[in-house]
Amino acid sequence: MNDKIKIAIFGGSGYGGSELLRILLFHPNAEIVTVTANEHAGKAVGEVHKNLSGLTDLRFEKSPEDLSALDAVDVAFFALPHGQALKLVPQLPETVKVVDLSGDFRINDAEVFQKFYNLERDGEDLQKQFVYGLTETNREAIKAANYIANPGCFATATLLALAPMVKSALLAGKIIVDAKTGSSGSGAKAAANTHHPQRMNAFYVYKPFEHQHVPEIEQHLREISEFTNDFVFMTHSLPVSRGIFASCYLETTVNLTGEDLKHLYELFYKDSFFVRYVEGS
């Protein structure tokens, strides 16, 4: 009997889709039954993602016009540009669980979402069913959810850094986060600001004070605890390909030693397989 989870991936040609494919191809309980990429339809996955060459016989397909027929799928992953999952998720059968990697369903407030993404959601009934997918802070809700909004890159790094402090109620004043990202955060499509001659040896700020992950971070910090602190968030681009580095500056109610912080963070993340507390540089 085949009891593997049957998975559809919409948007498998980008960096997010590539990593999703890599993880699921090696997952013992997952079976990818379809992966879409309209511009690469018909091509082998390994032809587009060289690191997956020889590991799968999957080929990219065009996204079906009628998603309501995908009732044989257990979980649908959406790794599409912002705005596309908004249109596609409502077409799925109600039996299909959803994990969306875009920002379409991360922010609960419709006005805030429109301000930061310049997109409108048609009705909020579907949004109310989405659970924020940061496993380390929302594990039990995710287990019971049918619709999961995957956190953003800056949001993930920042929330993992801040969550233990916010939960412990040790914060006294302003929070300042200085976060940096690599070029892959801009996506796989070519652009002037990610072109190697432009990006190499360059370091610059972008979207100062108005990054779309700000409301996402603040929203989830309020869900973790009674978060009311002033929050300053600045983002920069580094001349590296991958990774997020978030330096967080906090005022606390008491003086904390390095050992205090180590104990606090190790206790908070003791059941979190993917989080490691590293001392030193």
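Going left to right, the sequence shown walks through residues 20 to 300 as this note's numbering numbers them. Note that beta-carbon positions come from the ideal geometry of N, C-alpha and C, so glycine has one too. This one's a predicted model, so the numbers in the text were calculated from it and none came from an experiment.
*E139 to A198, Cα distance in whole Å?*
28 Å
*Pick from L71, I51 and R78: whose alpha carbon is nearest that of A60?*
R78
*Could you tell me which residues DSSP pairs with I236 in its beta bridges?*
Bridge partners of I236: none, in fact.
*Burial state of E159, where buried means 16 or more other Cβ atoms lie within 10 Å*: exposed
*Report yes if the CB atom of V64 is closer than 8 Å to the CB atom of V52, and no otherwise.*
no
_Whole angstroms are fine: how far does the CA of L40 sit from the CA of F252?_
32 Å
*In terms of residues, what are the limits of the alpha helix (DSSP H) holding M184?*
For M184, the enclosing alpha helix (DSSP H) starts and ends at C172 to K186.
_Could you pull the DSSP bridge partners for T55 from this structure?_
F29 and E80
_Reference Y136, options E242, G299, G102 and L145, closest by Cα_ = G102
*When you compare each of T156, R218 and I161 to I236 by their alpha carbons, which one comes out closest?*
T156
*Between the CA atoms of S256 and P227 - distance to the nearest angstrom*: 12 Å
*According to the Cβ coordinates, are F173 and H239 closer than 8 Å?*
no
*When the Cα of I263 is compared with those of P83, A95, V131 and A180, which residue comes out closest?*
When each option's Cα is compared against that of I263, the closest is A180.
*Between F96 and I26, is the Cβ-Cβ spacing less than 8 Å?*
yes
*Out of S87, V92, A56 and I126, which has the shortest C-alpha to C-alpha gap to E80?*
A56
*Rounded to a whole number of angstroms, what is the C-alpha to C-alpha distance between Q116 and G192?*
First, the residue type needs correcting, since residue 116 is Lys and not Gln in the sequence shown. So the alpha carbons of these two residues sit roughly 40 Å apart.
*Where the alpha helix (DSSP H) through G36 begins and ends*: Y34 to L44
*Taking the runs of the beta strand (DSSP E) that are 3 residues or longer, which of them lie wholly in the segment 137 to 173?*
149 to 151 and 166 to 168
*asked:* Once the 5 residues before and after A104 are set aside, which same chain residues still bring their CB inside 6 Å of it?
replied: F97, D119, S121 and D123
_Coarse secondary structure for V131, derived from DSSP in three states_ = helix
*I243 beta carbon less than 8 Å from that of K186*: Cβ distance < 8 Å, so K186 and I243 count as in contact.
*Cβ-Cβ distance between G154 and A265 below 8 Å*: It is worth fixing the name first, because residue 154 is Thr in this sequence and not Gly. Contact: no.
*Proximity below 8 Å, CB of G152 to CB of A168*: yes
*Sort D141, Y296 and G201 by Cα distance to N220 and report the nearest one.*
G201
*Of the choices G73, T114, L99 and L190, whose alpha-carbon is the least far from that of L89?*
T114
*asked:* On the criterion of 16 or more Cβ atoms from any shown chain inside 10 Å, does I42 qualify as buried, or is it exposed?
replied: exposed
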